[in-house]
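Numbering (this note's numbering), first residue to last: 24 to 440. Even glycine gets a Cβ: it sits at the ideal position worked out from N, Cα and C. Following: one structure in structure tokens, then a few remarks.
Quick look at the structure:
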């Protein structure tokens, strides 16, 4: 592999919330700007005091942002971030799991997607593994005629010097920039998008726009806006086969009442199309509520994602409303190779030793690898945190790429109230 080495220190323009009076809104803006500027390590460092300090909770915005940005560098979170205690498993769920049989998830999705026009797959925003699986789904659906990838992350508004939406900009040149979308600043998500582009997918931005927002609108307004934006595309291309990639519960196509309907249900009502909805969040293994069930299910998954069936009926654990999702994915138990999660291999990269002169002599350092042909605002091909005195992880990089390396060291200054 050919490479260029450029060692740069992180320059932090705004960082930690040590100063009293720094509110969540200011932290959000500062940490988001850090990511947009490529200062990943600063983004998490500035959030840590508010995310884990006195009185912090896992539902507060600083903790939520920290859990979303940290996996951009680490690929995984320690489950104890969401609570170290695992509640007892639901006996009914465990009994149902014992009676069910694991089936290869991709094969089952393909079998059930053959007569569908829309497939909706979700992710936990703190789980890059879900994005790697989304690429497997995109690969498997392409031979069935699926050619549109609509992703919640993609910017749906103008940005200085860029096309009107993140999807339009990306479809023009295939480069994932940090401004392409909120979550696609994650190298795993960026690799998902790059690979989908290479497969022939065109992308679609569908997130709620500013002109679709009112101060009192809240969640229902956002869900309706997303559905309307997707429906507008379907009117322009009625036969398009679409993979929609969403966060958490947006895929749900059944609810308690019309006002609480999520995007999936609203799109089904507007289009008359019944989407195949696939959940991989409920049994992600991070939130304590279903952790015991997840561990039991994952132990039976072997080394591949599976879907449990009882006869021909999918097992759905933790599903709130009957009919809201069709399939539920269970991922294998965590395993590692080359100091990295094993699932990274599904992205197609090969392990590369970090050049020794990039390794930190003290403390932690973020080591990034970029495609040398891409602009400075591109998302890295891969990045890892290395710590002095500990075995260095390997980078997972695509073959035949000229690589440019950079590093970031912590360089944080206080935010002012």
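Selected residue, minimal CA-CA separation from residue 207, among 300, 92, 334 and 347
In this structure, 92 is the residue among 300, 92, 334 and 347 with its C-alpha nearest to the C-alpha of residue 207.
On a Cα-Cα basis, can you pick out the residue from 154, 319 and 220 that is closest to residue 356?
Residue 319 is the option with its Cα nearest to residue 356.
Inspect the CB distances between the segment 415–425 and the segment 358–374 and report whether three or more fall short of 8 Å.
The segment 358–374 and the segment 415–425 touch, with three or more beta-carbon pairs separated by less than 8 Å.
Check whether residue 9 and residue 177 have beta carbons under 8 Å apart
Outside the modelled stretch of the chain, which goes from 24 to 440, sits residue 9, for which no answer is possible.
Would you list, in sequence order, the uninterrupted alpha helix (DSSP H) runs of no fewer than 4 residues that lie entirely inside the segment 219–285?
Correct list: 241–259.
Give me, in chain order, the residues of the same chain whose beta-carbon lies closer than 6 Å to that of residue 286; leave out the 5 immediate sequence neighbours on both sides.
Listed in chain order, the non-local C-beta contacts of residue 286 below 6 Å within the same chain comprise 246, 249, 250 and 273, local neighbours out to five positions each way being set aside.
In the DSSP assignment, what residue or residues form a beta bridge with residue 331?
The partner list for residue 331 (beta bridge, DSSP) reads 125.
What are the start and end residues of the alpha helix (DSSP H) that includes residue 441?
Absent from the model: residue 441. The displayed extent of the chain is 24 to 440, so no value can be given.
By the 10 Å Cβ neighbour count, where 16 or more other Cβ atoms means buried, how is residue 122 classified, buried or exposed?
Exposure of residue 122 is indicated by the presence of fewer than 16 other C-beta atoms within 10 angstroms of its C-beta.
Does the beta-carbon of residue 403 have 16 or more other beta-carbons within 10 angstroms, so that it is buried, or is it exposed?
Buried.
In the DSSP assignment, find the alpha helix (DSSP H) that holds residue 342 and state where it starts and stops.
For residue 342, there is no enclosing alpha helix (DSSP H), as DSSP marks it with neither H nor E.
With 16 as the cutoff for other CB atoms within 10 Å, does residue 255 come out buried or exposed?
Its Cβ having fewer than 16 others within 10 Å, residue 255 is exposed.
Give the range of the alpha helix (DSSP H) segment to which residue 63 is assigned.
Its alpha helix (DSSP H) spans residues 63–75.
Is the segment 286–303 in contact with the segment 95–113, if contact means three or more CB pairs nearer than 8 Å?
Judged by pairs of C-beta atoms under 8 Å, the segment 286–303 does not touch the segment 95–113, as fewer than three such pairs exist.
Grouping DSSP H, G and I as helix and E and B as strand, with all else coil, what is residue 119?
Residue 119 falls in the helix class under three-state DSSP.
Tell me where the beta strand (DSSP E) around residue 398 begins and ends.
Residue 398 -> no beta strand (DSSP E), and no H or E assigned at all.
Using only alpha-carbon positions, find the residue among 189, 155, 297 and 341 that is nearest to residue 114.
The candidate whose alpha carbon is nearest that of residue 114 is 341.
I'd like the span of the beta strand (DSSP E) that includes residue 47, first residue to last.
Under the DSSP assignment, residue 47 falls outside any beta strand (DSSP E), being part of the alpha helix (DSSP H) whose first and last residues are 47–59.
Could you check whether residue 204 and residue 182 sit closer than 8 Å to each other, using their CB atoms as the reference points?
Against a cut-off of 8 Å, the Cβ pair of residue 204 and residue 182 comes out as no contact.
Beta-carbon separation of residue 156 and residue 328 under 8 Å?
In contact: residue 156 and residue 328 (Cβ atoms closer than 8 Å).
Can you name, in chain order, every residue of its own chain whose Cβ lies under 8 Å from the Cβ of residue 349, other than the five neighbours on each side?
Within the same chain, residue 349 has close Cβ partners 135, 299, 300, 301 and 337.
What are the residues that DSSP puts in a beta bridge with residue 359?
DSSP, once it has assigned bridges, lists 364 as partnering residue 359.
Kindly identify the DSSP beta-bridge partner or partners of residue 387.
As a beta-bridge residue in DSSP terms, residue 387 pairs with 410.
According to DSSP, what are the bridge partners of residue 430?
Answer by DSSP bridge pairing, in chain order: 390.
Which same chain residues, not among the five before or five after residue 316, have their C-beta less than 6 Å away from its C-beta?
Hits under 6 Å: 112, 116 and 340.
What is the rounded straight-line gap between the Cα of residue 70 and the Cα of residue 231?
Their backbone Cα atoms lie some 26 Å apart in a straight line.
Counting along the chain, where does the beta strand (DSSP E) carrying residue 96 start and finish?
From DSSP, residue 96 is part of no beta strand (DSSP E) but of the alpha helix (DSSP H) over 94–97.
Kindly list the residues whose CB is nearer than 6 Å to the CB of residue 243, restricted to its own chain and excluding five residues on each side of it in sequence; keep chain order.
Cβ within range, chain order: 282.
If you draw a straight line from the alpha carbon of residue 409 to that of residue 430, how long is it in whole angstroms?
For residue 409 and residue 430, the distance between alpha carbons rounds to 10 Å.
Indicate the three-state DSSP secondary structure (helix, strand or coil) for residue 313 in the structure shown.
If DSSP states are grouped into helix, strand and coil, residue 313 belongs with the helices.
If you draw a straight line from the C-alpha of residue 314 to the C-alpha of residue 107, how long is it?
Computed Cα separation, rounded: 10 Å.
Could you name the residues of the same chain whose beta carbon sits closer than 6 Å to that of residue 128, not counting the 5 residues immediately before and after it, in chain order?
Closer than 6 Å at the Cβ level, and outside the excluded window around residue 128, lie 328, 329, 330 and 352.
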